[in-house]
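Novice: Chains L and Y are the protein sequences, given in the same order. Take any residue in the first sequence, note its place counting from 1, add 368, and you have its number in the numbering used here. Take any residue in the second sequence, note its place counting from 1, add 368, and you have its number in the numbering used here. By construction, the Cβ of each residue, glycine as well, lies at the ideal position given by its N, Cα and C atoms. One structure coming up, written as structure tokens, with questions to follow.
Number of protein chains: 2
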Amino acid sequence: MARDRGVRRGGAARDDWAARIAALDGPDGPGTGGRAGKAPLTVRRIMDTAFELVEAEGHEALTMRRVAAALDTGPASLYAHVRDKADLDELLLGAVCARVSVPEADAARWEEQLLDVCRSLRDEYLRYPGISRVALAAAPDSLDALRLSEGMLTILLTGGVAPRPAAWAIDAVFLYVSAYCFEMSLRHSPEAGADQRVLDREALVERYRLLPADTFPSTVAHARELTSGEEHERFEFTLRTLLRGLDARP
Amino acid sequence: MARDRGVRRGGAARDDWAARIAALDGPDGPGTGGRAGKAPLTVRRIMDTAFELVEAEGHEALTMRRVAAALDTGPASLYAHVRDKADLDELLLGAVCARVSVPEADAARWEEQLLDVCRSLRDEYLRYPGISRVALAAAPDSLDALRLSEGMLTILLTGGVAPRPAAWAIDAVFLYVSAYCFEMSLRHSPEAGADQRVLDREALVERYRLLPADTFPSTVAHARELTSGEEHERFEFTLRTLLRGLDARP
DNA sequence: AGCTTGACGCGAACACTGTTCGACTGTAGA
DNA sequence: TCTACAGTCGAACAGTGTTCGCGTCAAGCT
């Protein structure tokens, strides 16, 4: 893509890795620079508006035109503060990751600590449906995501997991959390109502039961188990299984 | 969505679950019906063209207009054989799943058998970059995907895994394979060239090394491990870890 | 004080996307 | 031969991301 070009006009030079690192301890207000301009359009306002939109209608409704309209302007105005829609996406993802807090690593409770981080990340993802889709693409390109990665890695290392399995496990865990939330967003987004999912489950069991038992014996026999799992039971199960597999390493 | 409406005009009534089950043992040629019309436009030809397009340029390039153009017609003509673009997507996904063969379950080699299925599915997914995105959304709505699910479930059950963990593990494995391939597609698609990835790895290590060691100690210390993993080593690692966690269950 | 400069705002347009309408075929059955 | 209808498709609609280029307005320099 055109990701390697410099910034066209305004906006912080977010492409410069060193600059981003240097800006780590200075989260000041106006996004443009030191100048105290009275311009009402800022990266912060754009992000706030975008967050409201995603929270209310999902990431698919996040459109440059809609953000601009909510700010009483045209879409072209946004491109002075944000390079791309992809750029805006990554900004949002970074802000979501920044909300997740990582605990001080404690060797005795490393499994629960890791699960807590995952649960927090999951809840933040699900609060902004569809944002996890962005995470599936741009994983290692944000300092806020890297902070999470760092925290989880430290937890695993403190827990006694060897460096390579720890690093790879983090990758897998991140991927799973993102995919889980992405899938959940896609399934819940179009229709509203929480009880609709229960009906869907029953309908799914019915469908499985209707299958020919000679070609789908296991599916027919265990239709109930295939569709079970309240709330985030599957989420917990998968992560716990993965961690157990890590622990069982010789 | 408009997924619950009946079919508008031509095409098999693919929405009808019973009809789809009944059609399981009759994979005849012309997609429309018994009539031996000489109409050149069929579901099969549309799917073939779509596959060529996805294989060559990725799923993002799969456009109704481009498929139609490749068939020397307008986009409106496709809607007589395919309800939606989503419908076409699911058709393609089903065909991809149909290519994966599942072995007869053997209790002694259940882990390797499951891994083999995952590897096959992965290779098919990666052959059509981006098709895995569809799998993240519409997982349980295709008989071909269900055949895979059935096969994997049987392998796990034969291996001695209890029904509920087996069913949930399949879900997790499917999700992981899809997400892994989706991520890979997104990373490799824009630029070409295989060696570019190696350069990227070196650049990534460099970036990690540049981080402040006080806030990112583990990342800086283990930058090498964080970026390591040739080919599908991480893929194997994650699935093996998950299976080990399953096996370690009391 | 006057002028220049340049960043920002934004209306209009371009090149796309999925999808539908309605007129148009060509062939099958009566 | 006439009718009916499944299949075809040009044109259009309502969206999308993004860019061009004209405005405007305040800051900085002379």
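Taking only the alpha-carbon atoms, compute the straight-line gap between Arg515 (chain L) and His427 (chain Y) and give it to the nearest angstrom.
Specialist: Along the first sequence, one-based indexing puts residue 515 (chain L) at 147. Along the second sequence, one-based indexing puts residue 427 (chain Y) at 59. Taking the straight line joining both Cα atoms gives about 32 Å.
Novice: In chain Y, what lies closer than 8 Å to Ala463 (chain L) by C-beta?
Specialist: Taking the first sequence and counting its residues from 1, one reaches residue 463 (chain L) at position 95. Under the 8 Å cutoff, chain Y gives no residues; its nearest Cβ is about 18 Å from Ala463 (chain L).
Novice: Could you tell me whether the Cβ atoms of Arg532 (chain L) and Glu593 (chain Y) are closer together than 7 Å?
Specialist: For the purposes of this step, residue 532 (chain L) is taken as the residue at position 164 of the first sequence. For the purposes of this step, residue 593 (chain Y) is taken as the residue at position 225 of the second sequence. Taking 7 Å as the Cβ cut-off, Arg532 (chain L) and Glu593 (chain Y) qualify as a contacting pair.
Novice: Would you identify the three-state DSSP class for His451 (chain L), choosing helix, strand or coil?
Specialist: To locate residue 451 (chain L), count along the first sequence from 1; it is residue 83. In the sequence as presented, His is not what sits at residue 451 (chain L); that position holds Arg. In this structure, Arg451 (chain L) counts as coil in the three-state DSSP scheme.
Novice: Is the beta carbon of Asp509 (chain L) less than 7 Å from the beta carbon of Ala466 (chain L)?
Specialist: As a working mapping, residue 509 (chain L) is identified with position 141 in the first sequence. As a working mapping, residue 466 (chain L) is identified with position 98 in the first sequence. Contact: no.
Novice: Consult DSSP for Asp568 (chain Y) and reduce its assignment to one of helix, strand or coil.
Specialist: For this step, residue 568 (chain Y) is matched to residue 200 along the second sequence. Helix, per DSSP.
Novice: Around the C-beta of Pro621 (chain L), are 16 or more other C-beta atoms found within 10 angstroms, so that it is buried, or is it exposed?
Specialist: A query on residue 621 (chain L) cannot be resolved here, the shown segment of chain L reaching from 369 to 618 and no further.
Novice: What in chain L is Cβ-close to Ala581 (chain Y), meaning under 9 Å?
Specialist: Counting from one through the second sequence, the residue named residue 581 (chain Y) turns up at place 213. By Cβ distance, chain L contributes nothing, its closest Cβ being about 11 Å from Ala581 (chain Y), past 9 Å.
Novice: Enumerated in chain order, which unbroken segments of the alpha helix (DSSP H) with a length of 4 residues or greater are wholly contained in the segment 446-506 of chain L?
Specialist: Correct list: 453-467, 478-495, 499-505.
Novice: Do Phe542 (chain Y) and Arg501 (chain Y) count as a contact pair if the criterion is CB distance below 7 Å?
Specialist: Within the second sequence, the letter at position 133 stands for residue 501 (chain Y). Within the second sequence, the letter at position 174 stands for residue 542 (chain Y). No, Cβ-Cβ distance for Arg501 (chain Y) and Phe542 (chain Y) is not below 7 Å.
Novice: In angstroms, rounded to a whole number, what distance separates the CA positions of Thr595 (chain L) and Asp568 (chain L)?
Specialist: Mapped onto the first sequence, residue 595 (chain L) falls at position 227. Mapped onto the first sequence, residue 568 (chain L) falls at position 200. If I take the Cα positions, the gap works out to 10 Å.
Novice: Please confirm whether Glu593 (chain L) has its beta-carbon closer than 7 Å to some beta-carbon of chain Y.
Specialist: Sequence index remark: in the first sequence, residue 593 (chain L) carries index 225 (1-based). So, interface residue.
Novice: From the DSSP output, in three-state form, read off Ser586 (chain Y) for me.
Specialist: To locate residue 586 (chain Y), count along the second sequence from 1; it is residue 218. Ser586 (chain Y): helix per DSSP, three-state reduction.
Novice: Starting from Val411 (chain L), trace the alpha helix (DSSP H) both ways and give me its first and last residue.
Specialist: Walking along the first sequence from the start, residue 411 (chain L) turns up at place 43. From DSSP, the alpha helix (DSSP H) with Val411 (chain L) extends over 411-425.
Novice: Just to confirm the assignment, what range does the alpha helix (DSSP H) spanning Leu511 (chain Y) have?
Specialist: In the second sequence, counting from the first residue as 1, residue 511 (chain Y) sits at position 143. Unbroken alpha helix (DSSP H) run through Leu511 (chain Y): 511-526.
Novice: Note down, in chain order, each residue of its chain lying with its Cβ closer than 8 Å to the Cβ of Ile538 (chain L), except the 5 sequence neighbours on either side.
Specialist: On the first sequence, residue 538 (chain L) is found 170 positions in, with the first residue counted as 1. Closer than 8 Å at Cβ, skipping near neighbours: Ser517, Met520, Leu521, Leu524.
Novice: Could you check whether the Cβ of Ala560 (chain L) sits closer than 7 Å to any Cβ belonging to chain Y?
Specialist: What you label residue 560 (chain L) is simply residue 192 of the first sequence in a count that begins at 1. Caution applies to Ala560 (chain L), whose pLDDT of 44 falls short of 50 and renders its modelled position unreliable; the value that the coordinates give is listed next. No, Ala560 (chain L) does not count as interfacial toward chain Y.
Novice: List, in chain order, every chain L residue whose beta-carbon is nearer than 9 Å to that of Arg577 (chain Y).
Specialist: For the purposes of this step, residue 577 (chain Y) is taken as the residue at position 209 of the second sequence. Within chain L, no residue comes near Arg577 (chain Y); the closest Cβ sits about 11 Å away, beyond 9 Å.
Novice: Measuring from the CB of Ser445 (chain Y), is there a heavy atom of the ligand ADP at a distance below 6 Å?
Specialist: Only the bare structure without any ligand can be found here, which leaves the ligand ADP out of the picture.
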